[in-house]
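A.B. asks: Sequential numbering from -2 applies to the sequence shown in the numbering used here.
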Amino acid sequence: MSKSISVRLGLAALAFTMAGVAHAQLNVYVSTNGKDTWSGLLSTPNTAGTDGPKKTIAGGRDALRSIRAGQSPGGVVSASTVTNAKRTFTGRGAVVNIASGIYDGTTSLTFDSRDSGSTKTPIVYKATTANAVTLDAGKTVTGLAKPALSFWNTETRVSPAVRPQVYVADLSSIGDLGYFQFRFSGWNATWSDISFRQISNYNHAPELIVDGAPMTLAQWPNMSDSDPNGQNGMPRFYHGYTFLTGVGPANDYSNPNSSLWTYEFKADFTGMKTPSTITGADDIWMRGYVQQSRFRETYERVTSLNFANGQANGLLRYDPVTPYYQTNGGRRISMNGEPGRFTIVNSIYELDAPGEYYIDRQNKRLLMVPPTTFVPGSSTVKLTFNNQPVLSANGLKSVAFDGLQVVNSRFMGVYFKNCYGVTFKNGTVENTGHNGITIDDSYRTNVQSCVITDTGEGAIDIQSGDRNTLTVSGNLVSDNVIRRYGRQMKFYTGAVRLDGCGNTVLNNTITDADGEAIIMRGNEQLVQNNTFMRVDGDAGDSGVIVTNHNVADHGNVVKGNVFKEISDLPYSVWGNWALFVDGAGSGVTFEGNVIDGMSHPIGILPACDITIRNNVIMNCDQSAIVAGIGPFNPRGSSYETLANQYPWSGSLWQTKYPHLYQWLSQGLSGPLYYNFSNNVFYNVNVPVAGMPIYQQQLFGTGGTYQYNVKFTSVPFVNMSAGDYTLTTSAQSQVPSFQPVKTSGTGTRTLSDQVGSAP
């Protein structure tokens, strides 16, 4: 039965319920000095040494399974103790109290329906001390030391000048090194592919973690390299990349049906130590932007180098179903005059900078130039090795994980699937090769008050809620700090990637990453009261919040967010945007946001139902660009194909999104219902004098443009304090402008049915 429910109020009620019964719940204890053969019903070992806490979190889970079944959880507990424990557990729920310590995360900690609680009998896995319980999936590297001088008699690939700095460790006992390889990754989906997860299902190469920080594979050029003397007015190096200078003659596009094709590109390799004698067997890779220089980074295996011609040959996957991105039968090497760029990685010859490492698979050893903070004998050195989530749950209900730190995973950190009422809060997810947290097909499942940092792909990936029936998930991502995401795959991953229906991203601080912050797809999504800083800086033609290509994406709201310190790729002719609605994206309301200091604040290439109102845009080079998409676009048929995956012509969708039905039923007849109103512009440059919004085309049928005012003097009462209330004189020019609120609880009530428990 449909009912109105506030996401925040619902969560608060659940939290109150759990807190209210916590004093009477069953307590199970876990400690690193425990034993899994003990009961877990004692917080410390008894004097006889016959009972005490469990040793592992899995042991605590299993204790609850046994007690629920009326069986002994271990130790020397009596039958009456088991009976009483079961009565408490099944009547009031349980708390698994986890003592401070580092717990082994190399084997996935899994939960399923057997481990569920209920709203009346919730279960909490709780760290007894904040920031002190760690699930560590990394394998410890031992024996790391500087080698004897005789070592270099046979290992000649490392530069003699660097050898005194190098530490070496034997990896022969750490596990199978056979899969230490890169897989082709990056942006390899077709233009019309809405399932970007197809590009993120690769296992990334393991990483070296020193004192909690990921190290860098030996590469050329280094991040610190600089040389202003490049070609075409460009420097040779930019943030650890060097630029392509052309395309070689050996490009082979002769077999378009092949999954692989050879291409050749030119660059200035002066200073690179990797020799021309290398082959594909050396496992040296190129990481870079050779298909499109702004947002498509890929890894490719280098098969040969030819310094005489200033060229490197590589083997590249070929996708024959993307003609839009092909030129002369092959991939574009650059676009609109923007040069491609690349880095040579995983080359032992380039081991020369602090924090770089190389894993020699053939000889089963690690070579590392330690970071400047390294302390021999006391620094922790870990290698990510697992290929499963560190913590995962499938079919779990009414369970909270409180205060856990999940670190050093080659794969995901946390994975929730088919869950209901599950919360991961007050925790940390750090140093993952894949996503930090992934939530699939789940409802009322939340990530709250966590730090998520240094993820290989996205920080949080949510695909939940039913788009066909517009059943909202009620999932919430709130009050987190998310930073340095997308280290391995920068683009189309995001700090938070949303798909499905009715997910909320609220009150987060998202900072310091090269790629987009929010990838927003689906329906009835809410992104509110977040702060975005120093993100999307290694891209062009991109955005902090991106929605694109699928006109069925509707009902999405971006409200009360702050965008600041957002930079552009300096040599790109395309800008980055706070909001980028690209390729016939539709159905977005952008309201009450503050954009401070961007070159390109808002970019709109939409189909229908775009509302931009009541925003503050200041200290920007431009104001907004609007470009309508219509049937003249060569990709129009793709828009229809994507939309036809959803019942846009059915009564439910027609009632909810009447403009979408109008637009599609008329055959892509041009832009519909753009609403630009009550926006305040201060200290901005505009392409058209006196007009804050640059119209590349008209706003279309049903469009509105009113009260968008550019001010030359400060129009706010107390801007320095973050108060964007207009002065009396400014308010008279924008009479309907409402003070922008960029913090607090969510304001949107979801009036659709929240999905029921699986």
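In this text, a Cβ means the ideal position worked out from N, Cα and C, and glycines have one as well.
Bear in mind the structure is a predicted one, so any value in this text is a computation, not a measurement.
Can you look up isoleucine 563 in the DSSP assignment and give me helix, strand or coil?
C.D. replies: Looking at isoleucine 563 - three-state DSSP - the assignment turns out to be coil, as it is neither helix nor strand.
A.B. asks: Give me, in chain order, the residues of the same chain whose beta-carbon lies closer than 6 Å to that of serine 733; leave out the 5 immediate sequence neighbours on both sides.
C.D. replies: Same-chain partners within the cutoff: Asn675.
A.B. asks: Taking the beta strand (DSSP E) that tyrosine 671 belongs to, which residues open and close that run?
C.D. replies: First-last of the beta strand (DSSP E) with tyrosine 671: 669 to 674.
A.B. asks: Terminal residues of the continuous beta strand (DSSP E) containing valine 541?
C.D. replies: Unbroken beta strand (DSSP E) run through valine 541: 539 to 545.
A.B. asks: Does the segment 384 to 391 come close enough to the segment 359 to 371 that 3 or more CB-CB pairs lie under 8 Å?
C.D. replies: The segment 359 to 371, when compared against the segment 384 to 391, does not touch it at the 8 Å Cβ threshold.
A.B. asks: Name the two residues that bound the continuous alpha helix (DSSP H) containing valine 79.
C.D. replies: From DSSP, the alpha helix (DSSP H) with valine 79 extends over 76 to 89.
A.B. asks: Would you report the Cα separation of cysteine 416 and arginine 89, rounded to the nearest angstrom?
C.D. replies: Distance between the alpha carbons of cysteine 416 and arginine 89: 21 Å.
A.B. asks: Going by DSSP in three states, glycine 277 sits in which element: helix, strand or coil?
C.D. replies: It is helical.
A.B. asks: How would you call asparagine 150, buried or exposed, if buried means at least 16 neighbouring beta carbons within 10 angstroms?
C.D. replies: Exposed is the call here.
A.B. asks: Considering only the alpha carbon of each residue, which of Asp538, Gly307, Val474, Asp593 lies closest to tyrosine 568?
C.D. replies: Answer by Cα proximity: Asp538.
A.B. asks: In this structure, what does DSSP give as the bridge partners for serine 726?
C.D. replies: Bridge partners of serine 726: none, in fact.
A.B. asks: Have a look at Val155, Phe148, Ala210, Val613 and flag the residue whose alpha-carbon is nearest the alpha-carbon of valine 404.
C.D. replies: Of the candidates Val155, Phe148, Ala210, Val613, the one whose C-alpha sits nearest the C-alpha of valine 404 is Ala210.
A.B. asks: With respect to the beta strand (DSSP E) encompassing valine 579, which residues constitute its N-terminal and C-terminal limits?
C.D. replies: Note on residue identity: the sequence assigns aspartate, not valine, to residue 579. 573 to 582 is the extent of the beta strand (DSSP E) around aspartate 579.
A.B. asks: Please report the distance separating the alpha-carbon of glycine 540 from that of serine 710.
C.D. replies: Rounded to the nearest angstrom, the two C-alpha atoms are 28 Å apart.
A.B. asks: To the nearest angstrom, how far is it from the Cα of threonine 501 to the Cα of valine 79?
C.D. replies: Looking at the two C-alpha atoms, the distance is approximately 42 Å.
A.B. asks: So what's leucine 174 in DSSP terms, helix, strand or just coil?
C.D. replies: Looking at leucine 174 - three-state DSSP - the assignment turns out to be coil, as it is neither helix nor strand.
A.B. asks: Please classify leucine 467 as buried or exposed, where buried requires at least 16 other C-beta atoms within 10 Å of its C-beta.
C.D. replies: Its Cβ being crowded by 16 or more others within 10 Å, leucine 467 is buried.
A.B. asks: Find out if the Cβ-Cβ distance for the pair arginine 407, histidine 201 is shorter than 8 Å.
C.D. replies: In contact: arginine 407 and histidine 201 (Cβ atoms closer than 8 Å).
A.B. asks: If you reduce the DSSP assignment to three classes, tell me which class leucine 393 lands in.
C.D. replies: In the structure shown, leucine 393 sits in coil (DSSP, three-state: anything other than H, G, I, E or B).
A.B. asks: Between Tyr355, Leu657, Ile457, which lies nearest to valine 165 when the distance is taken from Cα to Cα?
C.D. replies: That would be Tyr355, whose Cα lies nearest to the Cα of valine 165.
A.B. asks: Which stretch, first to last residue, makes up the alpha helix (DSSP H) that contains leucine 649?
C.D. replies: Counting along the chain, the alpha helix (DSSP H) containing leucine 649 begins and ends at 648 to 653.
A.B. asks: Among the candidates Pro50, Tyr671, Val159, whose CA atom is the shortest distance from the CA of lysine 143?
C.D. replies: Here the closest residue by C-alpha is Val159.
A.B. asks: To which residues does DSSP link glutamate 588 through a beta bridge?
C.D. replies: Glutamate 588 pairs with Lys556, Arg610.
A.B. asks: At the level of alpha carbons, what is the spacing between asparagine 505 and valine 554?
C.D. replies: In a straight line, the C-alpha of asparagine 505 is about 16 Å away from that of valine 554.
A.B. asks: Touching or not, the segment 276 to 290 and the segment 167 to 175, by the rule of three or more beta carbon pairs under 8 Å?
C.D. replies: Verdict: no, contact absent.
A.B. asks: Quick one: what's got a C-beta closer than 6 Å to glycine 307's C-beta in the same chain, skipping five residues either side?
C.D. replies: The answer, listed in chain order, is Lys263.
A.B. asks: By the three-class DSSP mapping on this structure, what secondary structure does phenylalanine 678 have?
C.D. replies: DSSP places phenylalanine 678 in strand when its eight states are reduced to three.
A.B. asks: Assign isoleucine 330 to one of three DSSP states: helix, strand, or coil.
C.D. replies: Any answer about isoleucine 330 is weak, because its pLDDT of 47 lies below 50 and its placement is not dependable; what the coordinates show is given next. Coil at isoleucine 330, not helix or strand.
A.B. asks: Figure out for me which residue from Gln703, Ile607, Ser564, Gly580 has the closest Cα to the Cα of proline 598.
C.D. replies: When each option's Cα is compared against that of proline 598, the closest is Ser564.
A.B. asks: Alanine 514: which of Thr267, Val493, Trp574, Ser726 sits nearest, CA to CA?
C.D. replies: When each option's Cα is compared against that of alanine 514, the closest is Val493.
A.B. asks: With burial defined as no fewer than 16 other Cβ atoms inside 10 Å of the residue's Cβ, what is the status of glutamate 521: buried or exposed?
C.D. replies: So glutamate 521 counts as buried.
A.B. asks: In chain order, which continuous runs of the beta strand (DSSP E) of length 3 or greater are located wholly inside the segment 453 to 490?
C.D. replies: Those beta strand (DSSP E) runs which fall completely within the segment 453 to 490 and span 3+ residues are 457 to 461, 473 to 475, 478 to 480.
A.B. asks: Just how far apart, CA to CA, sit glycine 400 and asparagine 81?
C.D. replies: Approximately 28 Å between the Cα atoms of the pair.
A.B. asks: On a CA-only basis, which of Arg65, Lys422, His236, Val155 is nearest isoleucine 449? Give me that one, please.
C.D. replies: The shortest Cα separation from isoleucine 449 among Arg65, Lys422, His236, Val155 belongs to Lys422.
A.B. asks: Does the Cβ-Cβ distance between valine 756 and phenylalanine 371 come in under 8 Å?
C.D. replies: Not covered by the structure: residue 756. The range shown for the chain is -2 to 755.
A.B. asks: Under the assumption that isoleucine 609 contacts asparagine 672 (Cβ atoms under 8 Å), give the Cβ distance between them as a whole number of angstroms.
C.D. replies: Confirmed, Cβ separation roughly 7 Å.
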